Amino acid sequence: MPRVFALVKAAIQRGETTTDRRNPPAYTLGTGHVRFFYMRLGYLAKRQASLVAEMQARGYAPQFTATHELPIGIPPEWCCDWEPSDEAMAINRARIAERLRK
Numbered sequence: 139m140p141r142v143f144a145l146v147k148a149a150i151q152r153g154e155t156t157t158d159r160r161n162p163p164a165y166t167l168g169t170g171h172v173r174f175f176y177m178r179l180g181y182l183a184k185r186q187a188s189l190v191a192e193m194q195a196r197g198y199a200p201q202f203t204a205t206h207e208l209p210i211g212i213p214p215e216w217c218c219d220w221e222p223s224d225e226a227m228a229i230n231r232a233r234i235a236e237r238l239r240k
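Numbering (this note's numbering), first residue to last: 139 to 240.
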């Protein structure tokens, strides 16, 4: 997930905005799934912090733990939160089921 923050910083330097037509308005997997999160970096920062905490609770030592630093230097309009919808959760569950069949 931290790489998405670097991608957004590069997009901003290229002059992109949160309303870029390449950023899907609805959650998707496959083409566009990373760009969907470009303007939802607040969610990604919270999710990364949650994953790091869970790893540490299970005895792992993740190399990157400075999740509070992820949004530094990124304008607030890119740092929105997001709550996965039932449809988004269904998309993820279907992908997991698909991979378990392989």
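A virtual CB, placed ideally from N, CA and C, is assigned to each residue, including glycine. Here the structure is a predicted model, which means the values were calculated and not measured.
- Counting only residues of its own chain and dropping the five nearest sequence neighbours on each side, Asp219 has a CB closer than 8 Å to the CB of Arg178, Gly180, Tyr181 and Lys184.
- For Ile212, no alpha helix (DSSP H) run applies, since DSSP gives it neither H nor E.
- Beta-bridge annotation (DSSP): Arg178 is paired with Cys217.
- With 16 or more other Cβ atoms inside 10 Å of its own Cβ, Thr205 counts as buried.
- In the three-state reduction of the DSSP assignment, Glu207 falls in the helix class.
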